[in-house]
Structure formats: C-alpha cells, structure tokens
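What follows is a short report on a single structure.
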Amino acid sequence: MSETKKYKIAVIPGDGIGGEVVEQGLRVLNHLAENSNGKFSFENDFYPWGCEYYLKTGKMMDDDGVEKLRDYDAIYFGAVGFPGVPDHVSLWGLRLAICQGFDQWANIRPVEFLPGVPRRLNHPDVDSLNWILVRENSEGEYSGIGGRNFSGRGPGKEVAVQSALFTEHGCERIIRFAFDLARTRKRKKVTSVTKSNAQQYGMVLWDEVFARVSKEYPDVETDQWLVDAMAAQFVLKPEELEVVVASNLFADILSDLGSALAGSLGLAASANLNPEKRTPSMFESVHGSAPDIAGQGISNPIGAIGSAALMLDHLGLTEEAELVNEAIKMTTSQGYLTRDIGGTCNTEEITDAIIGNLSKVKTGV
Ligand code: NAI
Ligand code: MG
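Per full-length UniProt numbering, the sequence shown starts with residue 1, numbered consecutively.
Next comes the structure, spelled out in structure tokens:
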C-alpha cells in the first residue's frame, strides 16, 4: 500500500463563534482522514491568536506569526473580532496580516442555494442558481495606505486619508484568475464590477485591464456593471451571474449580500488563495465572529465546513471535497437546519448529520 499523505494544517480558531465552527470543520476533516484507508491524514497545530491573546499580550499574533505559518499545507481560520478590541486592530492584526503577508490575492466565495433552506429570494429557478464571487484580496480599498493627522489643530479638525491602490499587476492577475475559473464552469461568463464612473483612476485602470485580458478569452462571455446596479442585479436577475470579479471592498459587500440571499451568512464558504502556491492558502467562512450568538452552541457550521471542502479541493483531495459538499446538501434537504435558517438544530447536530451523510453520499455517488 502506498504511504499515507500527511497534510500539515495550521488552525486559527480566533474569536467568538470562530472556534465553534472550526471545531466542526475539523470533526469532518478528521472523520474523512480516519476513513481514508490510510490515503491521507491531517496534523493540526493550533494557534491561540485573536482578541483574547491581544488582551493578554498586546498583540493579535506573534511577531513572527506569518513565518510560523509558512511551512503549512494550509491554514484553517475561524473568525476574528470581539467587543473590547477595536475591529480595525483585530482585523489588521491577524486576518489581513496573513492575507497580505502570504499574498493570498484571490478570494473565492461561492454563492449556493442549498436544498431545504427557506428561500429569501423570490425567483422561479432558485434551485438551479449558483455563482462565484472572485474578490481581489491583496490591494484595492484594503491596501492599508493612508494616515490621520492634524488632531493638534483642535477638536473637530482631524483629517484622515484612506487610499485605494490599484496596480496593473494586481488587476490583471485577479481578472485572469476569473477568466480561467469561468472556463471550468457550465456557462463561461465573467462579470466585472467596478464604480469607474466615480472612481476615475484605479477603477478605470481595472476596466482597461479587463478589456485587454478578455480579448485572450474569446470563448468567455463578458459583462460589466457598476457596483450599485450589481447589488440590484443580485436580487433581480441572479440567473445572469456566473463568475463575478470585483475589488476587495466591493466583493466583500456583495458576498454578504449573496450569502444572505442564499439564506444566511452562516452558510457561505471562502478560500483566500495564493494561486501560485508559493505560500499557504487560508480557508475560512465568510461570516465574522458573531459575538451576539457566541458561546451558545447555535452557530451554523456549514460555512466553515464548506470552507474545509474548499481546503480539501486545494490540497488535491477533489473527491473528498465533493463528498463534503454533497453531504451538506443532503443534510439541509433532510431538514437539519440551525436557527439562522429557520430550524432548531444546534451546531453539533448539524455536523453529526453531515458526518452521518458522508457514508451515504459515498455509496450513492
Ligand atoms: P458577523 O458575520 O459576525 O455577524 C453578522 C450577523 O450574522 C450576526 O447577527 C450573526 O449572529 C449572524 N451570523 C454570522 N455567522 C453566523 C453563523 N455561522 N450562524 C448563525 N448566524 C451567524 O458580522 P459582524 O456582526 O458585522 O461582525 C462581528 C465581528 O466579526 C466584528 O468584530 C468584525 O470585525 C468581525 N468580522 C470578522 C471577519 C473575519 O474574521 N473574516 C469577517 C467579518 C467580520
Ligand atoms: Mg465580509
């Protein structure tokens, strides 16, 4: 028998429900490994970084945190942010530090309508809808360039500058990524979202790169929208969406809209990729740490489990990724739902059902 492939995973549960949902994803991953007949195993190292760590040490992560993570095959992340620590401190100190530190420049966020989940979208073909948001994840509005000054002028006189950075290189690689992804889909189509009427420098550059790159993909349909109109399009004509590529901020907002339309923020999965695989990629649900429901055991683990499936896919365990996604679908269709989508199940019960269904989809496939 061939040797067991061991994957080294860095686990960062983070804050609030981050730890709860990551625990569920790990249960699914470990179950798969234990039942893989020696094909693969996971070695998980836990890092206690987050707001509690900050309150103890004054740091969101160790100074050499990014270096500590460098040799892992992947990072599995919960969520960051908790009352008591300013959100910009927690986000920049951990999640954005990792995304930028590892140049995880492509953030993919599928929007899927799971069977059995009450519909928030009144659309005749809702069951057949699904699209992928491709978010530029390294620059744009989240470049962290700017500053505050002039507080010395007295109360009410301070200024802040927050610059958005658009590089031709950054635009090109994410747009190209979107086109390559579109080629793997049934309908080959890329929709580009900007606000280039008002943002006449960075986003016009984006549009020009989009036009140039699209010429190399004559087999892929294209479409371009301003972000405000795109928000309406998400609700009114979602059947037109296939691969949607947008800047860091715009895709962040649109992905919450997409997951809410699909039922709940708790359902949405995401992957922060360094597509060249120079550095480890990071997998996390779209939602935040949800302090309002933390510690109650009622959070929806599907976003985190779906993110684990994206991680399996990235590691080359394509069949296992598919199994997890099918088991999630079977679970919601059986009526196992958490409260955010109108059910009564708790976090663990959903995972129990998904794990139980893994063997059923295996034999059914
Ligand atoms: P949030 O996503 O944490 O919560 C928004 C709403 O959705 C809440 O009512 C919450 O209960 C609900 N929700 C989210 N995930 C859920 C789940 N799995 N199951 C059931 N309900 C769920 O966003 P919010 O409230 O704006 O931010 C809370 C904290 O999270 C802040 O500190 C923020 O900075 C941080 N945050 C972190 C992110 C990350 O680590 N990637 C992303 C977004 C926010
Ligand atoms: Mg967000």
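Note that the Cβ used here is the ideal one computed from N, Cα and C, for glycine as well.
Could you check the C-alpha separation between Val365 and Ala246 for me, to the nearest Å? Residue placement at Val365 is flagged as unreliable, the pLDDT there being 45, under the threshold of 50; the coordinate-derived value follows with that caveat. C-alpha separation (whole angstroms): 35 Å.
Closer than 8 Å: Asp87 CB and nearest ligand 2 heavy atom: no
Contact set for Gly104: own chain, Cβ-Cβ below 8 Å, skip 5 residues either direction: A small correction: the amino acid at residue 104 is Gln; Gly does not occupy that position in the sequence shown. The answer, listed in chain order, is Ile98, Asn137, Ser138, Asn272, Leu273, Asn274, Thr279, Ser281, Met282.
Is it buried or exposed for Val161, if we count other Cβ within 10 angstroms and need 16 for buried? exposed
Closer than 8 Å is the cut-off here; do at least three beta carbon pairs connect the segment 45-60 with the segment 76-91? yes
Assuming Gly78 is part of the alpha helix (DSSP H), what are its boundary residues? Not the alpha helix (DSSP H): Gly78 falls in the beta strand (DSSP E), residues 74-79.
Just mark Ser289 as buried or exposed, buried being the case when its beta carbon has 16 or more other beta carbons within 10 Å. That one is buried.
Cα-Cα separation, Asp252 to Gly258: 10 Å
Is it true that the segment 19-39 meets the segment 306-318, where meeting means three or more beta-carbon pairs spaced less than 8 Å apart? yes
For the candidate residues Pro301, Gly16, Asp125, Val134, whose alpha-carbon lies nearest to that of Asp180? Val134
Report the three-state DSSP secondary structure of Asp223 (helix, strand or coil). strand
Pull up the CB-CB distance for Leu96 and Phe113, whole angstroms please, since I reckon it's below 8 Å. So it is not a contact: roughly 30 Å between Cβ atoms.
Tell me Lys195's beta-bridge partners as DSSP assigns them. DSSP, once it has assigned bridges, lists no residue as partnering Lys195.
Can we count Val134 as close to ligand 2, meaning its CB is less than 8 Å from some heavy atom? Incorrect: Val134 has no Cβ contact closer than 8 Å to ligand 2.
Start and end residues, beta strand (DSSP E) containing Glu112: For Glu112, the uninterrupted beta strand (DSSP E) segment begins and ends at 106-112.
Nearest neighbour of Arg119, chosen from Leu267, Leu261, Cys345, Asn325 [CA to CA]: Leu261
Please list, in chain order, all residues of the same chain as Ser214 whose beta carbon is under 6 Å from its beta carbon, the five residues on each side excluded. Thr222
Taking 8 Å as the cut-off, is the C-beta of His287 nearer than that to any heavy atom in ligand 1? yes
So Leu133 is in the beta strand (DSSP E); what residue range does that whole segment cover? 130-136
In terms of DSSP beta bridges, what is Leu273 paired with? As a beta-bridge residue in DSSP terms, Leu273 pairs with Ala106.
Exposed unless 16 or more other CB atoms sit within 10 angstroms - verdict on Val235: exposed
N- and C-terminal bounds of the beta strand (DSSP E) containing Tyr142: Tyr142 -> beta strand (DSSP E) spans 140-149.
So does Gly342 have its beta carbon nearer than 8 Å to some heavy atom of ligand 1? no
So within the segment 28-104, which uninterrupted beta strand (DSSP E) runs reach at least 3 residues, ignoring any that extend past its ends? 40-46, 74-79
Do Ile298 and Asn346 have their C-beta atoms within less than 9 Å of each other? Cβ distance < 9 Å, so Ile298 and Asn346 count as in contact.
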